[in-house]
Amino acid sequence: MSATKKRKEASEKEAEEVEEGEAEIVYLNKLRGAHTDLILCSSTIDKVKNEKKTIKFQVEKAVLACHSSTFLNMFTDCSTQDKENVAEISIPEPAKVVSSFLHIIYATFQERNEAGDGKGSFDHWVDVIEMGDKYLANVVVERSIFNLCSAFRSLAVKEANVETFSQTRYGKAAFLKLIVIFSLVANGRLGASHLSENELIFTIKHHWRDFCTQCGINFDKRPCGCQHNYAICCGIKQSLCSLETLLPDEAAGYFDVRDIVAFQKVIEDIPHKYDIIEVVERHFLK
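Quick note: the sequence shown, position 132, residue 132 per full-length UniProt numbering, numbers continuous.
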């Protein structure tokens with residue numbers, strides 16, 4: 001089962017247990033409210049009121065068509081506008097994900113609490129990247145990758161703890177997810193520039209050890225007299241660097257079997273190589 005399908009089924013199950021609330025209208029650009037010719041409808045769960053709320057984003061077809069090839073193909077003629085009967089389209093993505101997607105396209109400011117800041121931030125930006133890829137909006141993918149790297153770095157700091165990981169979808173498997181996204185960009189299967197690729201390389205190379213430390217993996221800097229910091233010469237068993245540690249069973253369903261196999265090979269090669277990027281490229285890039 002794909003990660004997207006798994007999340008969709010979970011959200012549908014949650015939605016069945018709550019009541020329907022009033023719809024909320026969101027203007028991406030209030031100054032151009034009169035030019036609205038499309039409404040994107042998405043839903044969100046208000047856990048405080050225990051109700052399902054529909055969020056209606058008022059947008060312009062021309063703006064979406066400029067940044068998304070999928071929307072461009074949907075709207076072959078953006079010149080016609082019926083102000084009395086504005087079309088509504090329901091999309092399956094959660095309202096917070098749609099909000100970030102549209103804020104990037106419109107280049108407008110989004111509040112941190114609306115952008116998945118803090119707990120769950122890594123999960124949120126993964127979802128936005130997947131939505132950007134689905135609708136062929138490269139600018140969304142590009143911007144979201146930088147935000148994803150920032151979220152990963154926040155998981156690698158000392159303030160992160162077991163509770164933080166347990167409250168996110170990927171948890172300790174965030175390292176593998178970051179590698180998978182890097183491989184998609186490097187292989188040309190995800191629309192992003194070399195700037196995004198370099199940001200991913202920098203984040204993986206300089207923060208993977210700190211992230212693993214937060215996962216409970218203890219690395220000695222010079223266990224056998226090596227001069228470099230990135231080597232883990234003490235071996236996999238001694239360092240507790242294993243697939244079970246970095247890929248808990250509850251997160252395994254979000255990954256393709258080929259990615260899990262490649263990640264296992266990365267873990268096996270880590271003790272013998274200086275550069276983590278070299279190891280990742282060997283097993284993930286084709």
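Glycine residues also receive a C-beta, built at the ideal position from the N, C-alpha and C atoms. In this text, all values refer to a predicted model and were calculated from it rather than measured experimentally.
Pair within 8 angstroms by beta-carbon distance, Phe202 and Leu155: no
Look at the Cβ atom of Leu31, then the Cβ atom of Val59, and state whether they are nearer than 8 angstroms. Going by C-beta atoms, Leu31 is not nearer than 8 angstroms to Val59.
Exposure label - Gln214; buried when at least 16 CB within 10 Å: Counting the other Cβ atoms within 10 Å of the Cβ of Gln214 gives 16 or more, which makes it buried.
Best match in Leu102, Pro248, His35, Ala262 for proximity to Gly171 [C-alpha to C-alpha]: Pro248
Using only CA atoms, which one of Tyr254, Val280, Gly120 lies nearest to Lys205? Val280
Going by the beta-carbon positions, is the gap between Ala62 and Ala173 smaller than 8 angstroms? no
Would Ile105 be called buried (16 or more neighbouring beta carbons within 10 Å of its own) or exposed? Its Cβ being crowded by 16 or more others within 10 Å, Ile105 is buried.
What are the start and end residues of the alpha helix (DSSP H) that includes Ile55? That residue, Ile55, is in no alpha helix (DSSP H); its beta strand (DSSP E) goes 51–59.
Can you tell which of Ala34, Phe71, Glu278, Glu111 has the C-alpha that lies nearest to the C-alpha of Ser183? Glu278
What does the Cβ neighbour count give for Asn147, buried or exposed, with the cut at 16 atoms within 10 Å? Buried.
Inter-residue CB distance, Val126 and Ala192 (contact presumed, cutoff 8 angstroms): At roughly 14 angstroms, the Cβ-Cβ gap does not stay under 8 angstroms, so Val126 and Ala192 are not in contact.
Can you check whether the CB of Leu176 is closer than 8 angstroms to the CB of Phe255? yes
Who are the Cβ neighbours of Gly225 in its own chain at under 7 angstroms, not counting the five residues just before and after it? Reliability of the predicted coordinates at Gly225 is poor, the pLDDT of 47 falling under 50, and no value is obtained from them.
How many Å lie between Leu178 and Phe263 at the Cα? 11 angstroms
Per DSSP, what kind of secondary structure is Tyr170 in: helix, strand or coil? coil
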